[in-house]
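First to last, the protein sequences are chains A and H.
Letter by letter, the first sequence follows residues 3 to 360 of this note's numbering.
Letter by letter, the second sequence follows residues 287 to 422 of this note's numbering.
Beta carbons: idealized from backbone N, C-alpha and C, even for Gly.
Notes follow the structure.
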Amino acid sequence: MDVYVNSSSMIPIDRYYEYDIYDLVIEAYKNLEGEYDVNDIDLVLVANAYSQRLNNTSLIAPKVVEKIGKPNIPSIKVDNADASGGAALFTAYSMIKSGLANSVLVIGVEKQSDFPSKYLYDVVASNLEDYMYYNGITTHSIAALLMKQYMKKYSVGREYFANWAVKMHKNAVENPFAYLRFTVDLNTVINSQVVSDPIRLFDIGARADGAAILLLSNKKVDTSVKIDKIFSTQAKYDFNPSLPSIRMLKERLGIKVNDKTGIEIHDSYSIMAALMLEELGISESGKSLYNLDNINVNLGGGLKARGYAGGASAIYQVAEAHMQLLGSFKGKKASVEEYFVVSSDDLGIVSYGINLTR
Amino acid sequence: MKIAPPQVWRNKRFMYKLIASKCEKCGNISFPYSPYCAKCGSKNVKKIETSGKGRLISYTVSYQSRDGYEKGLPNVVGLIKLDEGVEIVAPIVDVDLDKLQEGARVEATLRRVYTDSYNGLIQYGIKFRVAEDENR
Ligand SMILES: [Zn+2]
């Protein structure tokens, strides 16, 4: 049985002071377009990472379906931190593939802008191992250590990583769903505020609020994009530096990239972007961020500039891939026939690889 | 920041001591301790207390704190290779930033980590400092 993405929707990632977590979903749901029958939905999966601490709400899946007028459809929250969206897609795919469901609505939502960043990053740090969490370490510092090791190993400087931010902001300018729609130059990035040296403000994915929705089904329609493959891997980063979970994905996905291939990676930090492109075999080690114009990567601006909607990230990534493959994406377009989407957590421990074709 | 006393008491296994696992099958050492090897899954694992001494592989100076950890900014966070061979990430204290060097010998020291302003409880933990007498 084949599994298709038949419909997709998203709202711009932003700080929505007027909306609560449910309002975000409702806004995305209003925009859900394409050929589908809501009465056919067997299951709703809600991908979300931080609602308990950031929004003081649990049991959000049944609350969400009630608010969108489908109170009796079974619903489950899927949480694998910032990789929740990938986990939800993996689950939805498995349900359809096994015949347990004909269609699954996958909703990604995260509301992260209600608190000052020091509180938000305290919550995000709970992803770290307990001994680091209780010692006050941030994920920024771990990314900084990975970045420093990379700089040493490949003898590259700050400006090497700045290339990523410059490129992502350039892409985001064209994307009406992006959070940071402005261009930046190399100097702005290199001289931005130091967060955890050598990580600067522009090296970090921009966390804000967002909701995106996908309808997965076993029924092929005019707006269908096929999920050819989906894999889940996990392994801890090491300070070589490397991301073994991404290397495992490469082997399973059998990635081959040409100018008709679109790529979406989880660029929570510029160092993550470099490591992902290299571990996937798309770019040469130590050189990935030099030649970004030759690949169709993160055309909507990535987590860096489209915005980082936490556990909803993969739903945004696949929604964008769906629109790109249909030729209906409203931002920077590429003529692509195939997409590889990599969803991960902040530090690339848990990863999902999704291969989509028209 | 609220402190739960039972949590502090349990956390002593990694906050007050650096107890690690040594796998008798594959030789892997992992921190914190678990009765199963994090590499090969073997349960033939020995509990070892590390010496708390090691070498600073790398470090980052962090200018943004988490909620409850504002004191002592900027924080230095080190990537440390303990003499037993395991790598850990931990705060570095008593630092003269101009003199801190990668490759320096470091040693564990017990320090205050954070305070519960509501209940007046204090969490202590292991941080690292440069071991001056041992250097080079
Ligand atoms: Zn072992």
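Comparing alpha-carbon positions, which option in A:ARG249, A:PHE184, A:ALA323 and A:TYR123 lies nearest SER337 of chain A? Checked all of A:ARG249, A:PHE184, A:ALA323 and A:TYR123; the closest Cα to SER337 of chain A is A:ALA323.
Which class does LYS79 of chain A belong to by DSSP, given the choice of helix, strand or coil? Residue state, collapsed to three classes: strand.
Say whether chain H places a C-beta atom closer than 8 Å to the C-beta of VAL197 of chain A. Yes, VAL197 of chain A counts as interfacial toward chain H.
What residues from the stretch 130-143 of chain A come within 8 Å of chain H, judged by C-beta to C-beta, listed N to C? Within the stretch 130-143 of chain A, the qualifying residues are GLU131, ASP132, TYR133, MET134, TYR136, ASN137, GLY138, ILE139, THR140, HIS142 and SER143.
Going by DSSP, what residues sit across from ASP240 of chain A in a beta bridge? ASP240 of chain A is bridged by DSSP to A:SER244.
Simplified DSSP state of VAL379 of chain H, which is helix, strand or coil: Here VAL379 of chain H sits in coil by DSSP.
Can you tell me whether SER128 of chain A is helix, strand or coil according to DSSP? Coil, per DSSP.
Out of A:ASP81, A:LYS65 and A:VAL320, which one is the CA nearest neighbour of ILE75 of chain A? Measuring from the Cα of ILE75 of chain A, the nearest candidate turns out to be A:LYS65.
Let me know the secondary structure DSSP gives GLY87 of chain A once reduced to three states. Reduced to three states, the DSSP call for GLY87 of chain A is helix.
Minimum Cβ-Cβ distance from TYR310 of chain A to chain H less than 8 Å: So, not an interface residue.
Thinking C-alpha only, which one of H:GLN409, H:GLN387 and H:LEU359 is nearest ARG415 of chain H? Of the candidates H:GLN409, H:GLN387 and H:LEU359, the one whose C-alpha sits nearest the C-alpha of ARG415 of chain H is H:GLN387.
Considering just the uninterrupted stretch of the alpha helix (DSSP H) at TYR24 of chain A, what are its terminal residues? Per DSSP, TYR24 of chain A belongs to the alpha helix (DSSP H) from 23-32.
Closer than 8 Å by beta-carbon distance: list the chain A residues that pair up with TYR410 of chain H, in chain order. Close to TYR410 of chain H, with beta-carbon spacing below 8 Å, lies no residue of chain A; the smallest spacing is near 10 Å.
LYS357 of chain H: which of H:GLY411, H:THR401, H:LYS303 and H:ARG299 sits nearest, CA to CA? Here the closest residue by C-alpha is H:THR401.
How would you call ASN297 of chain H, buried or exposed, if buried means at least 16 neighbouring beta carbons within 10 angstroms? Buried is the call here.
Counting only Cβ pairs nearer than 7 Å, list the residues of chain A close to ARG352 of chain H. In chain order: LYS120, TYR123, ASP124, ALA127, GLY138 and THR140.
At which residues does the beta strand (DSSP E) containing LEU396 of chain H begin and terminate? Element bounds for LEU396 of chain H: 391-401.
Rounded separation between ASP382 of chain H and TYR136 of chain A - CA only: C-alpha separation (whole angstroms): 24 Å.
Of the listed residues A:HIS171, A:PRO178 and A:ASN242, nearest to ASP187 of chain A (C-alpha basis): Comparing alpha-carbon positions, the option among A:HIS171, A:PRO178 and A:ASN242 lying closest to ASP187 of chain A turns out to be A:HIS171.
Reference ILE351 of chain A; option with closest CA among A:PRO73, A:TYR239, A:LEU282 and A:VAL80: Residue A:TYR239 is the option with its Cα nearest to ILE351 of chain A.
GLU340 of chain A - partner residues in DSSP beta bridges: Looking at the DSSP assignment, GLU340 of chain A forms a beta bridge with A:THR263 and A:THR359.
Determine the DSSP secondary structure at ALA94 of chain A, reduced to helix, strand or coil. Note: ALA94 of chain A maps to helix in three-state DSSP.
Would you mind telling me which residues of chain H sit closer than 7 Å to LYS150 of chain A, beta carbon to beta carbon, in chain order? Within 7 Å Cβ-Cβ: SER344 and THR346.
Since CYS309 of chain H sits in a beta bridge, which residues does DSSP pair it with? The partner list for CYS309 of chain H (beta bridge, DSSP) reads H:VAL331.
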